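**Student:** Here it is, the structure in full.
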Amino acid sequence: MAPATGPARIQLAGRTVQLAWLREHSTKAAPLFARARAEVGHASCLCRRPAPRLVIRCTRAGRYHVAGWPGEGEQHDPTCPFHKLAPHLSGRDRYSTQAIKEADDGVFIRLATPLTSSLTRPQTHTPAPEKTGDEPASRRSVGLLGLLHWLWEQVQLNIWNPQAGRPTWRTCHARLRQQLPPVTINDRNIDEALYIVPPFTPATADTNTAALHAFRARLGRHGTTERRALILGQIREVSPTPYGVAYRLAHQRTPLYARAALHARATRSYRHAFGKTAAEHGATRIALFAVERSPKGHLIAVDLAAMLTTSTYIPADSSYEVVMADALTASRRAFIKPLRYDTADAVLPDFVLTDTTPAAYVEVYGIHGRETYDRRKAEKQAFYQRQGGQLIEWDVTQPLPALARTSGRRPQSAV
Ligand SMILES: [Zn+2]
């Protein structure tokens with residue numbers, strides 16, 4: 002097994018090319034893609050031997066791209082961009098193909114939050130109901146949190162590799178802009194449906210402002226429909242206004258406004274993201290907003306999902322998980338944070354350590370004496386018994402356990 006710590010390399014019609022080059026020059030590489038598709042039927046990833054297959058896809062506009070072979074993500078090295086956790090370790094598995102359809106010409110997502118509303122039929126947007134614990138076996142649409150987790154997982158922002166650099170917002174933005182497959186959300190191209198707040202620099206300030214203006218111009222009334230869209234950014238501050246709150250985002254001067262009722266609901270649904278303890282640990286909160294344009298041109302959030310992350314953008318389900326993720330990082334462990342998407346009751350490990358074979362699991366036990374919590378803990382312990390990997394447990398009333406890697410060392414190559 003050859004470890005893949007250098008840039009990802011792909012074999013395409015007998016030629017070895019760097020994935021980064023392919024992504025940047027997909028037009029130039031089109032003849033190579035076409036040959037590989039016709040003659041071999043797939044591309045190969047060189048992260049391991051034997052080389053895992055990659056599927057070659059082509060949009061209707063003729064843009065080629067490669068993606069992990071469905072169901073074979075586990076075969077890639079954990080540091081490979083095509084590595085995926087086993088399906089039962091991700092909330093992604095809970096959606097039907099109506100909700101997320103991965104086709105030859107791209108990924109089609111049905112978002113539960115409508116991106117248009119009819120002006121002829123009076124209609125008010127009601128945000129998705131709060132969790133009832135009664136969850137369908139296979140979801141037919143994706144909620145805002147599900148979409149946020151999908152985006153994070155697609156570009157591997159839930160993966161920590163000690164040999165890679167510390168991600169910043171610039172890294173998150175670049176990966177989300179460059180590494181997603183072609184995506185359509187509710188029949189709209191993702192570039193049109195989703196605005197990702199660009200990192201601020203004095204040199205790009207004017208370009209960023211122009212991009213936000215162009216985005217805002219596409220909202221509002223178009224014929225008999227009112228258009229909404231999505232904004233992804235990092236909440237820096239929530240401040241009160243006469244009608245509710247203003248969300249101030251990092252890297253962007255223009256705030257998003259929301260009614261008090263929406264914010265109250267968001268703080269209940271995403272209490273860890275809006276909680277006070279997280280900030281003490283240097284955590285950040287990432288939010289995906291559905292926005293409208295007010296008659297005066299303000300951006301109004303009509304729904305949102307918020308996600309707590311470490312300062313390096315690894316998602317965490319509580320401030321204790323932030324502490325654990327930071328401790329794993331300090332111990333130079335390679336790990337993945339499994340994401341639950343819209344499924345609140347999914348039984349997933351808190352973290353999966355990928356630098357041992359088989360993978361090990363980390364559990365953080367935060368609250369005692371709640372019946373549901375104790376039941377979940379028992380469910381999880383049964384889950385690990387079935388998986389067979391090592392389990393590291395942390396009861397937060399106790400000091401952190403030893404986290405340094407002791408056995409099962411994977412060969413590492415020089416960076
Ligand atoms: Zn690979």
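Per my numbering: the sequence shown = residues 2 to 416. We treat Cβ as the ideally placed atom computed from N, Cα and C, and that holds for glycine. Predicted model, so just to flag it, every value in this text is computed and none were measured.
What span of residues does the beta strand (DSSP E) with S27 cover, start to end?
**Tutor:** S27 -> no beta strand (DSSP E), and no H or E assigned at all.
**Student:** So Y206 is in the alpha helix (DSSP H); what residue range does that whole segment cover?
**Tutor:** Sequence inspection shows Ala at residue 206; the Tyr mentioned does not correspond to that position. Here the alpha helix (DSSP H) through A206 covers A206 to A218.
**Student:** Could you work out which residue in T17, H26 and H66 is closest to C48 when comparing CA atoms only?
**Tutor:** The shortest C-alpha separation from C48 is found at T17.
**Student:** Less than 7 Å separating the Cβ of H43 from some heavy atom of ligand 1?
**Tutor:** no
**Student:** Just checking P79 against ligand 1 - is the residue's beta carbon closer than 7 Å to any of the ligand's heavy atoms?
**Tutor:** no
**Student:** Check H84 in the structure and name its three-state DSSP category.
**Tutor:** In the three-state DSSP reduction, H84 falls in the coil class, being neither helix nor strand.
**Student:** Do C81 and A9 have their CB atoms nearer than 8 Å?
**Tutor:** Taking 8 Å as the Cβ cut-off, C81 and A9 qualify as a contacting pair.
**Student:** Going by C-alpha distance, which of A379, R341 and W22 is nearest A179?
**Tutor:** Looking at the sequence provided, one finds Gln at residue 179 rather than Ala. It is W22 whose Cα lies nearest to the Cα of Q179.
**Student:** Out of curiosity, what's the CA-to-CA distance linking L231 and P115?
**Tutor:** Taking C-alpha positions only, L231 is separated from P115 by approximately 11 Å.
**Student:** Taking 7 Å as the line, does the beta carbon of P53 fall inside it for any heavy atom of ligand 1?
**Tutor:** yes
**Student:** Helix, strand or coil, according to DSSP, for T133 in the structure here?
**Tutor:** Unreliable positioning characterises T133 in this predicted model, as indicated by a pLDDT of 48, which lies under 50. A coordinate reading is not provided.
**Student:** So does F201 have its beta carbon nearer than 7 Å to some heavy atom of ligand 1?
**Tutor:** no
**Student:** Buried or exposed, going by whether 16 or more other CB atoms sit within 10 Å of the CB of Q382?
**Tutor:** exposed
**Student:** For C48, which of helix, strand or coil comes out of DSSP?
**Tutor:** C48: coil per DSSP, three-state reduction.
**Student:** So the candidates are R334, R377 and M325; which of them puts its Cα closest to the Cα of Q399?
**Tutor:** M325
**Student:** What residue range is occupied by the uninterrupted alpha helix (DSSP H) comprising Y1?
**Tutor:** Outside the displayed range of the chain (2 to 416) lies residue 1, so it cannot be described from this structure.
**Student:** With a 10 Å radius around its C-beta and 16 neighbouring C-beta atoms as the bar for buried, classify D304 as buried or exposed.
**Tutor:** buried
**Student:** Can the beta-carbon of R54 be found less than 8 Å from the beta-carbon of H66?
**Tutor:** no
**Student:** Cβ of F201 within 8 Å of Cβ of H252?
**Tutor:** yes
**Student:** Is any non-hydrogen atom of ligand 1 found closer than 7 Å to the C-beta of F109, if you look at the structure I gave you?
**Tutor:** no
**Student:** Based on Cα-Cα distance, which residue from E238, T285, R254 and H282 lies nearest to H264?
**Tutor:** E238
**Student:** Take D105 and list the residues in its own chain whose beta-carbon comes closer than 7 Å to its own, dropping the five residues that flank it on each side.
**Tutor:** R58 and C59
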